[in-house]
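To keep things clear, I will list the structure first and then write my remarks on it.
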Amino acid sequence: MSADEIGPQLDDNGIRGWLCFTHLPYELQMREDSTQAADLERCSQRFAPRPLKRPATDTERLLLRHIGFSDLPDDLTTVVTYPTTGVRNRRWPQLETGDTAP
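Here my numbering is used: the first residue of the sequence shown is 10, the next is one more, and so on.
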(Lines of atoms letter the chains of each structure in order from A and count residues from 1; the text may use other names and numbers.)
(Lines give C-alpha, C1' and ligand atoms only; values in the text may rest on other atoms or scores of the structure.)
Protein backbone atom coordinates (compact mmCIF):
# COMPACT_ATOMS: atom_id res chain seq x y z
CA MET A 1 0.00 0.00 0.00
CA SER A 2 1.39 3.39 -0.94
CA ALA A 3 0.71 6.79 0.55
CA ASP A 4 -0.96 7.67 -2.77
CA GLU A 5 -3.83 5.35 -1.84
CA ILE A 6 -4.71 7.45 1.21
CA GLY A 7 -7.02 10.31 0.31
CA PRO A 8 -6.39 13.92 1.28
CA GLN A 9 -6.68 14.76 4.96
CA LEU A 10 -9.85 16.65 5.86
CA ASP A 11 -9.53 19.83 7.89
CA ASP A 12 -9.83 19.18 11.61
CA ASN A 13 -12.95 21.00 12.72
CA GLY A 14 -12.28 20.08 16.34
CA ILE A 15 -14.94 17.39 16.38
CA ARG A 16 -13.35 14.30 14.78
CA GLY A 17 -9.63 14.96 15.11
CA TRP A 18 -6.62 14.70 12.83
CA LEU A 19 -7.16 11.28 11.23
CA CYS A 20 -10.00 12.11 8.86
CA PHE A 21 -9.39 11.49 5.18
CA THR A 22 -11.56 11.61 2.07
CA HIS A 23 -10.85 7.88 1.65
CA LEU A 24 -8.57 5.11 2.82
CA PRO A 25 -7.46 1.88 1.15
CA TYR A 26 -9.89 -0.93 1.92
CA GLU A 27 -7.58 -2.71 4.37
CA LEU A 28 -6.93 0.45 6.39
CA GLN A 29 -10.61 1.38 6.37
CA MET A 30 -11.52 -2.06 7.71
CA ARG A 31 -8.96 -1.72 10.51
CA GLU A 32 -10.23 1.78 11.35
CA ASP A 33 -13.85 0.53 11.36
CA SER A 34 -12.92 -2.33 13.67
CA THR A 35 -11.15 0.01 16.08
CA GLN A 36 -14.10 2.41 16.03
CA ALA A 37 -16.50 -0.43 16.87
CA ALA A 38 -14.28 -1.53 19.76
CA ASP A 39 -13.97 2.07 21.01
CA LEU A 40 -17.74 2.52 20.93
CA GLU A 41 -18.24 -0.75 22.78
CA ARG A 42 -15.75 0.23 25.50
CA CYS A 43 -17.17 3.76 25.80
CA SER A 44 -20.74 2.51 26.06
CA GLN A 45 -20.01 0.23 29.01
CA ARG A 46 -21.69 1.55 32.13
CA PHE A 47 -18.54 2.04 34.20
CA ALA A 48 -16.14 2.83 31.38
CA PRO A 49 -13.69 5.62 32.16
CA ARG A 50 -14.38 8.92 30.42
CA PRO A 51 -12.52 9.72 28.30
CA LEU A 52 -11.30 6.33 27.11
CA LYS A 53 -7.51 6.06 27.00
CA ARG A 54 -5.80 3.23 25.15
CA PRO A 55 -2.53 2.54 23.32
CA ALA A 56 -2.44 3.89 19.77
CA THR A 57 -3.13 1.20 17.17
CA ASP A 58 -0.67 0.31 14.42
CA THR A 59 -3.07 1.89 11.92
CA GLU A 60 -3.28 5.14 13.88
CA ARG A 61 0.51 5.22 14.05
CA LEU A 62 0.75 4.66 10.28
CA LEU A 63 -1.76 7.45 9.58
CA LEU A 64 -0.07 9.83 12.03
CA ARG A 65 3.23 9.22 10.24
CA HIS A 66 1.42 9.85 6.95
CA ILE A 67 0.39 13.34 8.12
CA GLY A 68 3.89 14.22 9.24
CA PHE A 69 4.64 12.78 12.66
CA SER A 70 7.89 10.91 12.05
CA ASP A 71 9.05 10.37 15.64
CA LEU A 72 6.19 8.76 17.57
CA PRO A 73 6.73 7.68 21.18
CA ASP A 74 6.58 3.93 21.84
CA ASP A 75 3.93 4.52 24.52
CA LEU A 76 1.68 6.74 22.39
CA THR A 77 -1.77 7.04 23.97
CA THR A 78 -5.00 7.62 22.07
CA VAL A 79 -7.73 9.51 23.96
CA VAL A 80 -11.21 8.71 22.65
CA THR A 81 -14.41 10.64 23.28
CA TYR A 82 -17.81 10.78 21.62
CA PRO A 83 -18.68 14.52 21.59
CA THR A 84 -21.95 13.84 19.76
CA THR A 85 -23.90 10.68 19.04
CA GLY A 86 -22.02 8.46 16.63
CA VAL A 87 -19.06 10.84 16.19
CA ARG A 88 -15.75 9.65 17.59
CA ASN A 89 -12.99 12.09 18.46
CA ARG A 90 -9.42 10.85 18.83
CA ARG A 91 -6.57 12.88 20.27
CA TRP A 92 -2.92 12.24 21.06
CA PRO A 93 -1.99 14.62 23.90
CA GLN A 94 1.68 13.60 23.61
CA LEU A 95 1.69 15.13 20.11
CA GLU A 96 -0.37 18.25 20.86
CA THR A 97 2.27 20.93 21.04
CA GLY A 98 2.21 24.09 19.00
CA ASP A 99 5.19 23.04 16.91
CA THR A 100 4.18 19.45 16.11
CA ALA A 101 0.42 19.54 15.44
CA PRO A 102 -0.42 19.15 11.74
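In this text, a Cβ means the ideal position worked out from N, Cα and C, and glycines have one as well.
Query                                                                                                      : Result
Every unbroken beta strand (DSSP E) within the region 21–88, with a cutoff of 3 residues, ordered by chain : 61–64
Pro17 (DSSP reduced to helix, strand or coil)                                                              : coil
Residues near Gly16 by beta carbon distance below 8 Å, same chain, minus five either side                  : Phe30, Thr31, His32 and Leu33
Arg99 at chain C interface by Cβ criterion, 8 Å                                                            : Any reference to chain C falls outside this structure, which holds one protein chain only.
Contact under 8 Å by Cβ, Ile24 with Val96                                                                  : yes
Pick from Tyr91, Thr94 and Asp84 that is closest to Met101, judged by C-alpha positions                    : Checking the sequence, you will find Trp at residue 101 rather than Met. Considering only alpha carbons, the answer is Asp84.
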